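Just so you know, the sequences run in chain order E and S. Using the numbering used here, read the first sequence as starting at 224 and increasing by one per residue. Using the numbering used here, read the second sequence as starting at 224 and increasing by one per residue. Yeah, the Cβ is synthetic: ideal placement off N, Cα and C, and Gly gets one too. Bear in mind that the values here come from a model prediction, so they are computed numbers and not experimental data.
There are 2 protein chains.
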Amino acid sequence: MRVEIWSDIACPWCYVGKARFDKALAAFPHRDRVEVVHRSFELDPDRPKGEVEPVLTMLTRKYGMSEEQARAGEDGLGAQAAAEGLAYRTRGRDHGNTFDLHRLLHLAKEHGRQDELLALLYRANFAEERSLFTGGDERLVALAVEAGLDAGAARAVLADPDAYADAVRADEREAARLGANGVPFFVLDRTYGVSGTQPVGVFAQALARAWEERPSPEPVGRAGAEACGPDGCAVPRH
Amino acid sequence: MRVEIWSDIACPWCYVGKARFDKALAAFPHRDRVEVVHRSFELDPDRPKGEVEPVLTMLTRKYGMSEEQARAGEDGLGAQAAAEGLAYRTRGRDHGNTFDLHRLLHLAKEHGRQDELLALLYRANFAEERSLFTGGDERLVALAVEAGLDAGAARAVLADPDAYADAVRADEREAARLGANGVPFFVLDRTYGVSGTQPVGVFAQALARAWEERPSPEPVGRAGAEACGPDGCAVPRH
């Protein structure tokens, strides 16, 4: 079974939702047969790469919150994160463009290190004092290396804005096609969709249901085409 | 869209079928959004690892063919392969256990090199004079390196019979669940199944149909759960 999770690194609910999903997955009896794929979704794709802003400033400027509302929102998110055992800095975090982070996550996917890198990017963005957005490429390279990637490969991706750009865009088009206008968005075997940060029990139920109802593909093409099986390979007439 | 292809390296129809599928995929307008995954299927799982036998001998001994029938079968397969532009040695090939090859293909998957390694294993088994089954681990390590894998990682997998063994078994259980008793077996987005080596046109049609009818996941869980979208992140009440 495959679970695709659309998220953005700058999305606090994705950080919390991933932790809840991971708890449900850890308790799922068939967890060894579940493949988890990160899919890209940018909440703020039009923000220029170098434009970094404190989260609280962004919340008041962009969404018209009062400073008090913005702080209360961050406090609430911090409490939700803490309930899942996650560190969350409710003050002093930065907001920035996440396109490069998604491109790196696609590199990590090709090397089987996507989950590791995603966890490190979340931790860096939500829990560490040092901003994820002002450390330049070398900060990201260090995280990529910590996730098990090659420094040279990560540097090459960051230096070439086209690297994995299509993969990020394809994920985003697919989210739009599936009707997702927010994240996190979880899709199980393309059969069930879970929108938003639901309770652990909802993820557990969705896993169980998708597992039980794994689809049976409809046959296409003629029956009895040449194949090899336990009784040997069909010999073509000629 | 994702296409899973169950095959065995020792399966001539898989070799031919993969080439036909690849032709259909190369002409498919959305090919950049198609992910192809190799799935393991062993035709002869009970054969001990070291037990290598000429293909023609295996055909007469195991399937009760006359020598003439066995040779005619290989000639026919050679003609089908040639029609797809594939080299195929109709005489002198060996048959052996393919478990280690599948384990290596799972290593390759984790490094994004599965398609490369599969092509090299097919070529080595069907087109090269040197047997794929009598060169020991170093022969396989050389192919893994040619596919872009690390020699040490390939050696470590071959030295540990448990490495990726569960992944191979899981693929095989999944094939059984989906009703496949022979290979190649192609599954498109878990929606359509193509059994056997069908004509290129059938693969083209299956790709077009699966693309057109990509499934929409059914929502699970409560609506309006906390999420981040273009209008910001929902603020939890507390």
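What is the DSSP secondary structure of residue i, counted as helix, strand or coil?
i                : result
CYS237 (chain S) : helix
TYR415 (chain E) : strand
GLY452 (chain E) : strand
ARG243 (chain E) : helix
GLU307 (chain S) : coil
ASP255 (chain S) : helix
ARG225 (chain E) : strand
ASP317 (chain S) : strand
GLU290 (chain E) : helix
In terms of residue numbering, what span does the alpha helix (DSSP H) encompassing residue i cover?
i                : result
GLY424 (chain S) : 423 to 435
ARG326 (chain E) : 322 to 333
VAL391 (chain E) : 388 to 400
GLN378 (chain S) : Here residue 378 (chain S) is Arg; the residue named in the question, Gln, does not match the sequence. Looking at the DSSP string, the run of the alpha helix (DSSP H) that includes ARG378 (chain S) is 374 to 382.
VAL278 (chain S) : 278 to 286
ARG346 (chain S) : 337 to 349
Leaving out the 5 sequence neighbours to the left and right, which residues in its chain are closer than 8 Å to residue i when beta-carbon positions are compared?
i                : result
PRO459 (chain S) : Low per-residue confidence applies at PRO459 (chain S): pLDDT is 49, beneath 50, and the placement is therefore not dependable, though the value from the model is reported in the following sentence. Result list for PRO459 (chain S): GLU449, in chain order.
THR321 (chain S) : ASP231, ILE232, ALA233, GLU265, LEU266, ASP267
GLY315 (chain E) : PRO277, GLU352
ASP317 (chain E) : VAL275, GLU276, PRO277, VAL278, SER354, LEU355, PHE356, THR357
LEU382 (chain S) : The displayed chain sequence assigns Ala, not Leu, to residue 382 (chain S). ASP360, listed in sequence order.
GLY308 (chain E) : ALA242
Near residue i, which residues of its chain fall below 6 Å by C-beta distance, leaving aside the five closest residues on each side in sequence?
i                : result
ALA304 (chain E) : VAL239, TYR311
SER418 (chain S) : PHE408
VAL364 (chain E) : ALA374, ALA377, ARG378
HIS253 (chain E) : TRP434
GLU258 (chain S) : ARG225
ARG362 (chain S) : none
HIS461 (chain S) : Confidence in HIS461 (chain S) is poor, its pLDDT being 40 and thus under 50, which makes the residue's placement unreliable; the coordinate value appears in the next sentence. Around HIS461 (chain S): no qualifying Cβ.
GLY319 (chain S) : VAL275, PHE356
Whose C-beta lies closer than 7 Å to the C-beta of residue i among residues of the same chain, with five residues either side of it excluded?
i                : result
ARG437 (chain S) : MET224, ASP412
ALA370 (chain E) : ALA331, ARG336, GLU339, LEU340, LEU343
LEU282 (chain S) : MET288, ALA293, GLY296
ALA388 (chain E) : ARG326
CYS237 (chain E) : SER230, ASP231, VAL406, PRO407
Would you give the residue range spanned by the beta strand (DSSP E) that residue i belongs to?
i                : result
HIS261 (chain S) : 258 to 263
VAL368 (chain E) : First-last for VAL368 (chain E): 359 to 369, but that is the alpha helix (DSSP H), not the beta strand (DSSP E).
PRO271 (chain E) : Unbroken run through PRO271 (chain E): none, as it is neither H nor E.
PRO407 (chain S) : Element bounds for PRO407 (chain S): n/a, residue is neither H nor E.
PRO442 (chain S) : 441 to 443
Determine the burial state of residue i: buried for a count of at least 16 other Cβ atoms within 10 Å of its Cβ, exposed for fewer.
i                : result
TRP229 (chain E) : buried
GLU397 (chain S) : buried
THR414 (chain E) : buried
GLU297 (chain S) : buried
ALA379 (chain S) : exposed
ARG270 (chain S) : buried
ASP454 (chain E) : exposed
GLU227 (chain S) : buried
GLY273 (chain S) : exposed
ALA403 (chain S) : buried
ALA250 (chain E) : exposed
PRO235 (chain E) : buried
ALA390 (chain S) : buried
PRO210 (chain E) : There is no way to answer for residue 210 (chain E), as the model of chain E reaches only from 224 to 461.
ALA457 (chain E) : buried
ALA446 (chain S) : exposed
THR280 (chain S) : exposed
PRO442 (chain E) : exposed
PRO384 (chain S) : exposed
ASP323 (chain E) : buried
ASP255 (chain E) : exposed
ALA347 (chain E) : buried
ALA367 (chain E) : buried
Does the beta-carbon of residue i, which I'm using as the reference point, lie nearer than 7 Å to any heavy atom of the ligand GDP?
i                : result
GLU339 (chain E) : The ligand content of the structure shown is nil, which means the ligand GDP is not present either.
Does the segment 257 to 269 of chain E come into contact with the segment 397 to 410 of chain E, if we say contact requires no fewer than three beta-carbon pairs (one atom in each stretch) closer than 8 Å? yes
Can at least three beta-carbon pairs, one atom from the segment 240 to 247 of chain E and one from the segment 420 to 427 of chain E, be found at a separation below 8 Å? yes
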